[in-house]
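Accompanying notes for the structure given below.
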Amino acid sequence: MRLALTVSEVLLPLLYLMLFVAYLWVFYENRRFAHLWARRLLATTVVAHLAASVIHALVHHHLPMASPLEFLSLLALSLLLIYAVVERRLRVRETGFLVTGVAFLLQFISSAFSIAEPAANPLLEDPGYAGHAVLVLLAYTALSLSFLYAILYLVLERQLARKTFGLLFRRLPPLEVLERMSVGAAKLGVPLLFGALALGHLWLYDLADKLDPETARSLTPLRSQDPDVLGDLPGLPGGTGRAPLVGLARPPHEHAGDPGLHRGGRDDGRDPPLHPELPQLQPARGRVMAGHAGLHMWGVDHRLAPTEVRERAHIDPERVRRLLEALAPEPGFVSAVPVSTCNRTEIYLETLPGFAMFDGMTRCLAAAGIDPTLFTGEYAVRLTDGEAVRRLYRVSAGLESMMLGEPQISGQLKDAYRLAKEHHELGPVLMRAFQGAFRAGKRVRTETKIGEGAVSVAFAAVELARKFFADLSRHRALLVGAGETGALAARHFLQQGIGGLIVVNRSPERARDLAVDLNGGKGELVRARPWEDLAAALADVDVVLSTTGSLEPVILPEMVRAAMRRRRGRPLYVLDIAVPRDVHPDVARVDETYVYGLDDLDEIVQSNLAARRKQLPGAERIIDEELAEFRAWIGEMDLRPSVAEFRAYLEDLKEKQVGYVRRKQSDEVAAAVDASLQQFIKKVLGRSMESIKSAESEQERLQHLATLHRLFAPQDPRDQHAPHKHLAPREPQDTREIL
4 MRLALTVSEV LLPLLYLMLF VAYLWVFYEN RRFAHLWARR LLATTVVAHL AASVIHALVH
64 HHLPMASPLE FLSLLALSLL LIYAVVERRL RVRETGFLVT GVAFLLQFIS SAFSIAEPAA
124 NPLLEDPGYA GHAVLVLLAY TALSLSFLYA ILYLVLERQL ARKTFGLLFR RLPPLEVLER
184 MSVGAAKLGV PLLFGALALG HLWLYDLADK LDPETARSLT PLRSQDPDVL GDLPGLPGGT
244 GRAPLVGLAR PPHEHAGDPG LHRGGRDDGR DPPLHPELPQ LQPARGRVMA GHAGLHMWGV
304 DHRLAPTEVR ERAHIDPERV RRLLEALAPE PGFVSAVPVS TCNRTEIYLE TLPGFAMFDG
364 MTRCLAAAGI DPTLFTGEYA VRLTDGEAVR RLYRVSAGLE SMMLGEPQIS GQLKDAYRLA
424 KEHHELGPVL MRAFQGAFRA GKRVRTETKI GEGAVSVAFA AVELARKFFA DLSRHRALLV
484 GAGETGALAA RHFLQQGIGG LIVVNRSPER ARDLAVDLNG GKGELVRARP WEDLAAALAD
544 VDVVLSTTGS LEPVILPEMV RAAMRRRRGR PLYVLDIAVP RDVHPDVARV DETYVYGLDD
604 LDEIVQSNLA ARRKQLPGAE RIIDEELAEF RAWIGEMDLR PSVAEFRAYL EDLKEKQVGY
664 VRRKQSDEVA AAVDASLQQF IKKVLGRSME SIKSAESEQE RLQHLATLHR LFAPQDPRDQ
724 HAPHKHLAPR EPQDTREIL
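Each number in this note's numbering comes from the position in the sequence shown (counting from 1) with 3 added on.
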């Protein structure tokens, strides 16, 4: 057991350090994998520390509080235990790095400066006192955590009031969650404290008849603080003649004469644009393939084409069908997938060398009722082979979207892919390219944070509301105005699960129509109220979204003051996204009222866009990895004809040799030779293919192919003395740089 204690002195600080790093990872990255590891490490560390504490008690026969350093270790364990309970209840880990960081520091000091066998106070051997001391420690730890969460609440509230949208705004839990965490920790601490007082009270009464002088002296400091604490127990000098009030016990290391922590410790005294410029597509690097299919992309997108051009280039499902039918009989055409969204229309094609790209495409576009000049004029983008594949992968990952990291494009690509497959069978290269694009897009969204944070004003309003409320389903919102901007923001709130929505508009008909449209025939979650009820509605909701753009403010200070009197201290959050402003400036001065305008929401958008831009290198790395896998697959397809040729030649040689042996020897010998040569063929082909696949350049790959031809290709009997000119590397017939 002593060996286990020695090991724990090294193991526990390492576990605490790993735990702190895991929770720091959760705070900065907020990834599912990070949450999983943090949860598992927390359980492992708690179990390991509990086991070490039990072993310590068994070996030394007392609670591990004999010295300040032992007390620090027990305090670290107490922090983890209370935090684990709070985390399990609320499933929030973004604040864990603060708790685990303090716990790591305490455990590190305890392990680094530990004393071999400190002298223990006899009280620590008493089970009653030990239970009382542990409950006191847990109680004050829980209350301290409650205080910490209250401080975090005030910090985040101050940031929101000052409209500072930095790292803490993005990473800390909502105010509502921090409040629950503070209250939850306090609810743990108060019962534990009362339990500690009750246990201490009972312990002192039980101890009264058997106190020895040494123990009595150890309890004297409590009387010096307050004579009413211990009353007039036998054996204690200076009694008051009254019954004891409580059974509080000071940590033993605070007794006179015990060494303090100071003996072993140390005291170490212009804004970026809304749509960021993305890197230009670089020429693809990869291998040249002979006689294989080519990939092409014809399209228009938001970077070059104005809105009217993109609208004319849009291809609906009926035109997709007609275009594919027109392309089907074209010589050299293999397959195509047209992709059409509000910001782009792109046609991805797989063709063989015989396909007349320009003439064939323009002819088929016209046959489908699509103006060919849209895809050949000044606003068009035409890419081939490697550039086309890279473009597809970037589109799937949201790197080519107007809003960087847009998640909807992945679903739109999949819809276009399914629609094309319904009308014709896709070629192997195009199918593989789309499957790789879907995989690349998923990896970019899950392995980077390029899709996090609102990048539109309407959604930024929802994101800001969620910093106040963890669960929007428990709150209601008021939409003032029934215009397009308000309708878009209302849809975002409904998608995020708002508990109810009231629509108020000067025109009651428009308010009712919008409410019906937002409900979608699925109930009455959205209700319309007359304009005259605006002041009364302010008291019934928690979030106000004003979008009228009236020439005069429609939400006035006196209206809000009256509503706040009815709300009885519940805060009101007002989002004014109208131009001119709908909310009078003095509304922000009303107590418990928070007002945010367009500039504030745009600051959130710009901050989120800047954070997304920082994820571009990681996203590009993933794209390169997926393209490398696609290149490898293409390379294997290119080798298949050569592999078949080599195998056929070797099999022919084998049959000749086996036939010769069969004529000269027995069938058993011939069978053995056949099996031996078959193994030889497998080894030769395997090593040859590995050598070709591992080639560092296209020139080296062709040299390997030429070597195999010189070694194994059959010669023309009429040209036995001539150089093997026909065995040199074959020149590609219509070489295409796929990647």
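The beta-carbon is built from N, C-alpha and C at its ideal position, and this holds for glycine as well.
Report the rounded CA-to-CA distance for residue i versus residue j, giving the unit in angstroms.
{"i": "residue 189", "j": "residue 183", "result": "10 Å"}
{"i": "residue 203", "j": "residue 131", "result": "8 Å"}
{"i": "residue 136", "j": "residue 194", "result": "14 Å"}
{"i": "residue 435", "j": "residue 380", "result": "30 Å"}
{"i": "residue 179", "j": "residue 471", "result": "6 Å"}
{"i": "residue 553", "j": "residue 583", "result": "6 Å"}
{"i": "residue 277", "j": "residue 608", "result": "At residue 277, the pLDDT of 36 sits below 50, so the modelled position is not reliable and the matter cannot be decided from this model."}
{"i": "residue 555", "j": "residue 585", "result": "7 Å"}
{"i": "residue 329", "j": "residue 396", "result": "27 Å"}
{"i": "residue 105", "j": "residue 186", "result": "21 Å"}
{"i": "residue 691", "j": "residue 631", "result": "21 Å"}
{"i": "residue 17", "j": "residue 38", "result": "19 Å"}
{"i": "residue 402", "j": "residue 408", "result": "6 Å"}
{"i": "residue 312", "j": "residue 304", "result": "9 Å"}
{"i": "residue 109", "j": "residue 348", "result": "60 Å"}
{"i": "residue 371", "j": "residue 321", "result": "9 Å"}
{"i": "residue 66", "j": "residue 171", "result": "40 Å"}
Quick check on the DSSP output: the alpha helix (DSSP H) that includes residue i runs from which residue to which?
{"i": "residue 364", "result": "360-370"}
{"i": "residue 384", "result": "That residue, residue 384, is in no alpha helix (DSSP H); its beta strand (DSSP E) goes 384-387."}
{"i": "residue 412", "result": "411-426"}
{"i": "residue 64", "result": "Here residue 64 belongs to no alpha helix (DSSP H), and DSSP marks it neither H nor E."}
{"i": "residue 605", "result": "601-616"}
{"i": "residue 299", "result": "First-last for residue 299: 297-304, but that is the beta strand (DSSP E), not the alpha helix (DSSP H)."}
{"i": "residue 85", "result": "71-93"}
{"i": "residue 579", "result": "Residue 579 -> not in any alpha helix (DSSP H); beta strand (DSSP E) instead, spanning 575-579."}
{"i": "residue 432", "result": "431-450"}
{"i": "residue 164", "result": "130-165"}
So, is residue i buried or exposed, given that buried needs 16 or more other C-beta atoms within 10 angstroms?
{"i": "residue 64", "result": "exposed"}
{"i": "residue 367", "result": "buried"}
{"i": "residue 534", "result": "exposed"}
{"i": "residue 580", "result": "buried"}
{"i": "residue 36", "result": "exposed"}
{"i": "residue 26", "result": "buried"}
{"i": "residue 523", "result": "exposed"}
{"i": "residue 351", "result": "buried"}
{"i": "residue 292", "result": "Note on residue 292: pLDDT 39, under 50, position unreliable in the model; the coordinate value appears next. When all chains shown are included, residue 292 counts as buried."}
{"i": "residue 592", "result": "exposed"}
{"i": "residue 332", "result": "exposed"}
{"i": "residue 154", "result": "exposed"}
{"i": "residue 670", "result": "exposed"}
{"i": "residue 344", "result": "buried"}
{"i": "residue 90", "result": "buried"}
{"i": "residue 177", "result": "buried"}
Closest to residue i by CA distance: which of the options is it?
{"i": "residue 124", "options": "71, 557, 156", "result": "71"}
{"i": "residue 378", "options": "341, 358, 398, 356", "result": "341"}
{"i": "residue 570", "options": "561, 559, 541, 585", "result": "541"}
{"i": "residue 685", "options": "650, 676, 707", "result": "650"}
{"i": "residue 318", "options": "346, 335, 333, 338", "result": "346"}
{"i": "residue 513", "options": "503, 186, 544, 551", "result": "551"}
{"i": "residue 507", "options": "493, 501, 408, 499", "result": "493"}
{"i": "residue 84", "options": "98, 48, 703, 100", "result": "48"}
With residue i as the anchor, note down where its beta strand (DSSP E) starts and where it stops.
{"i": "residue 487", "result": "Note, residue 487: premise wrong, no beta strand (DSSP E); alpha helix (DSSP H) at 487-498."}
{"i": "residue 548", "result": "546-549"}
{"i": "residue 472", "result": "Unbroken run through residue 472: none, as it is neither H nor E."}
{"i": "residue 335", "result": "Residue 335 -> no beta strand (DSSP E), and no H or E assigned at all."}
{"i": "residue 350", "result": "347-354"}
{"i": "residue 481", "result": "479-483"}
{"i": "residue 504", "result": "503-507"}
So residue i and residue j are supposed to be a Cβ contact under 8 Å. How far apart are they, rounded?
{"i": "residue 548", "j": "residue 489", "result": "7 Å"}
{"i": "residue 46", "j": "residue 29", "result": "Not a contact, Cβ separation roughly 15 Å."}
{"i": "residue 383", "j": "residue 301", "result": "7 Å"}
{"i": "residue 387", "j": "residue 298", "result": "7 Å"}
{"i": "residue 354", "j": "residue 337", "result": "6 Å"}
{"i": "residue 633", "j": "residue 392", "result": "6 Å"}
{"i": "residue 82", "j": "residue 102", "result": "6 Å"}
{"i": "residue 503", "j": "residue 528", "result": "6 Å"}
Would you say residue i faces chain B, with C-beta separation under 9 Å as the test?
{"i": "residue 582", "result": "Any reference to chain B falls outside this structure, which holds one protein chain only."}
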